[in-house]
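Participant:
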Amino acid sequence: MFILQSTSFPANDNLMELLIITDALRRASARRITAVVPYFGYARQDRKSGSRTPISAKLVANLISRAGVDRVMTLDLHAGQIQGFFDIPTDNLFAAPLMVRDIREKFDLAKVMVVSPDVGGVARARGLAKRINTPLAIVDKRRERPGESEVMNVIGDVAGYNCILVDDIVDSGGTLVNAAEALIGHGAKEVSAYITHGVLSGGAAARIASSRLKELVITDSIL
1 MFILQSTSFP
11 ANDNLMELLI
21 ITDALRRASA
31 RRITAVVPYF
41 GYARQDRKSG
51 SRTPISAKLV
61 ANLISRAGVD
71 RVMTLDLHAG
81 QIQGFFDIPT
91 DNLFAAPLMV
101 RDIREKFDLA
111 KVMVVSPDVG
121 GVARARGLAK
131 RINTPLAIVD
141 KRRERPGESE
151 VMNVIGDVAG
161 YNCILVDDIV
171 DSGGTLVNAA
181 EALIGHGAKE
191 VSAYITHGVL
201 SGGAAARIAS
211 SRLKELVITD
221 SIL
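Residue 106 in full-length UniProt numbering is what sits at position 106 of the sequence shown, and the numbering runs on without skipping anything.
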């Protein structure tokens, strides 16, 4: 049996639905249960960010395992090490092949530069840049307070390039908007963004629509 359930907003409700369905299938003598969780909603709480704070990603992994799931399939985990939080086989799939195909169809790759919107996403952006054989740039930012970010510097010569921002999650949209502004300010011809999970909380959609981003491409991991 396969259960398809993203733990997006409302995350607690969706998680409980997943656990209850799993329990129902287990009590109905299902031989094997695979949970397909395209968006693992607690992935950003994968470490203690301060004293007396939970590691929610580990707790959720324990709940899913104890409920009776035999295997988990997910997409572009925020931190790859979350796979190790599960006591059952866990497959972390990637949206990069879909992004590569779309980029090849839309862009002249000779004029494309892949950009990581922050230092933490460099490995992800580098992987995509290698797939399409384009240069890589990095936007270095400093987060002043939760939910806000301030662009500090662009590492790489982006002048004249069609820049493609690559990340796993777009939430408030602040990081993308600020990165696009910085890239245009450094001479980029245009800026698009390819993001796996479109959380788009609060006024994110309006913020992005009024920004310097030409296009935002996301998957349907969150419906």
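Yeah, the Cβ is synthetic: ideal placement off N, Cα and C, and Gly gets one too.
Roughly how many angstroms separate the alpha carbons of F2 and P89, rounded to a whole number?
Facilitator: As a working note, residue 2 is residue 2 in the sequence shown. As a working note, residue 89 is residue 89 in the sequence shown. Cα to Cα, the separation comes out at about 14 Å.
Participant: So for F2, helix, strand or coil by DSSP?
Facilitator: Position 2 of the sequence shown, counted from the first residue, corresponds to residue 2. F2 falls in the strand class under three-state DSSP.
Participant: Please name the residue in G187, N162 and E17 whose C-alpha comes closest to that of A67.
Facilitator: On the sequence shown, residue 67 is found 67 positions in, with the first residue counted as 1. The option with the nearest alpha carbon to A67 is E17.
Participant: On a Cα-Cα basis, can you pick out the residue from L176, S201, E181 and N14 that is closest to F40?
Facilitator: As a working note, residue 40 is residue 40 in the sequence shown. Looking at the Cα atoms, N14 is the closest of the given residues.
Participant: If I measure Cβ to Cβ from V177 and keep anything under 8 Å in the same chain, skipping five residues before and after, which residues do I get?
Facilitator: In the sequence shown, residue 177 corresponds to position 177, counting from 1. Within the same chain, V177 has close Cβ partners R207, I208, S211, R212 and L213.
Participant: What would DSSP say about N153, mapped onto helix, strand or coil?
Facilitator: Reading the sequence shown from its first residue, position 153 is the one you call residue 153. Strand.
Participant: Quick one: residues in its chain with C-beta nearer than 8 Å to the C-beta of K111, no 5 flanking neighbours on either side, listed in chain order?
Facilitator: Taking the first residue of the sequence shown as 1, we reach residue 111 at position 111. Same-chain partners within the cutoff: G160, Y161, N162 and K189.
Participant: Can we say the region 76-89 touches the region 41-56, given the rule of at least three CB pairs closer than 8 Å?
Facilitator: Yes: at least three Cβ pairs fall under 8 Å.
Participant: Please report the distance separating the alpha-carbon of S6 from that of I218.
Facilitator: Residue mapping note: residue 6 aligns to position 6 of the sequence shown, counting from 1. Residue mapping note: residue 218 aligns to position 218 of the sequence shown, counting from 1. Spanning the two alpha carbons is a distance of roughly 15 Å.
Participant: Identify, in the order they occur along the chain, each residue of the same chain with its Cβ nearer than 6 Å to the Cβ of L128, setting aside the five sequence neighbours on each side.
Facilitator: Position 128 of the sequence shown, counted from the start, is the residue given in the question as residue 128. Here the set comprises A96, V114 and V166.
Participant: Look at the alpha carbon of A61 and the alpha carbon of F94, and state the distance between them as a whole number of angstroms.
Facilitator: Translated into the one-based positions of the sequence shown, residue 61 becomes position 61. Translated into the one-based positions of the sequence shown, residue 94 becomes position 94. A61 and F94: Cα-Cα distance of roughly 19 Å.
Participant: If you draw a straight line from the C-alpha of R31 to the C-alpha of D70, how long is it?
Facilitator: In the sequence shown, residue 31 corresponds to position 31, counting from 1. In the sequence shown, residue 70 corresponds to position 70, counting from 1. If you take the alpha carbons of R31 and D70, they lie about 9 Å apart.
Participant: I need the DSSP call for N133, collapsed to helix, strand or coil.
Facilitator: Sequence index remark: in the sequence shown, residue 133 carries index 133 (1-based). Three-state DSSP puts N133 in coil, outside helix and strand.
Participant: Return yes when the Cβ of A35 is within less than 8 Å of the Cβ of T53, no when it is not.
Facilitator: Here the question's residue 53 lines up with position 53 in the sequence shown. Here the question's residue 35 lines up with position 35 in the sequence shown. No, the Cβ-Cβ distance between T53 and A35 is not below 8 Å.
Participant: To the nearest angstrom, report how far apart G202 and D171 are at their CA atoms.
Facilitator: Walking along the sequence shown from the start, residue 202 turns up at place 202. Walking along the sequence shown from the start, residue 171 turns up at place 171. In a straight line, the C-alpha of G202 is about 8 Å away from that of D171.
Participant: In angstroms, rounded to a whole number, what distance separates the CA positions of I222 and P135?
Facilitator: If you number the sequence shown from 1, residue 222 lands on position 222. If you number the sequence shown from 1, residue 135 lands on position 135. For I222 and P135, the distance between alpha carbons rounds to 30 Å.
Participant: Can you name, in chain order, every residue of its own chain whose Cβ lies under 6 Å from the Cβ of A11, other than the five neighbours on each side?
Facilitator: Indexing the sequence shown from 1 puts residue 11 at position 11. Once the five neighbours on either side are set aside, the close Cβ partners of A11 are G41.
Participant: Expressed to the nearest angstrom, what Euclidean distance is found between the alpha-carbon atoms of A24 and L216?
Facilitator: To locate residue 24, count along the sequence shown from 1; it is residue 24. To locate residue 216, count along the sequence shown from 1; it is residue 216. The alpha-carbon atoms of A24 and L216 are separated by roughly 39 Å.
Participant: Does the distance from the CB of M73 to the CB of D87 come in under 8 Å?
Facilitator: As a working note, residue 73 is residue 73 in the sequence shown. As a working note, residue 87 is residue 87 in the sequence shown. Going by C-beta atoms, M73 is not nearer than 8 Å to D87.
Participant: Going straight from the alpha carbon of G187 to that of A57, what length do you get?
Facilitator: Locating residue 187 in the sequence shown gives position 187, counting from the first residue. Locating residue 57 in the sequence shown gives position 57, counting from the first residue. Their Cα atoms are separated by approximately 40 Å.
Participant: Nearest by alpha-carbon distance to A204: which of I155, I169, S65 and K130 is it?
Facilitator: Here the question's residue 204 lines up with position 204 in the sequence shown. Nearest option by C-alpha distance: I169.
Participant: Could you give the DSSP three-state label for R71: helix, strand or coil?
Facilitator: Counted from its first residue, the sequence shown places residue 71 at position 71. In this structure, R71 counts as strand in the three-state DSSP scheme.
Participant: Throw me the rounded Cβ distance for the L63 and L19 pair, which I believe falls under 8 Å.
Facilitator: If you number the sequence shown from 1, residue 63 lands on position 63. If you number the sequence shown from 1, residue 19 lands on position 19. Right, the Cβ-Cβ distance comes to about 6 Å (below 8 Å), so this counts as a contact.
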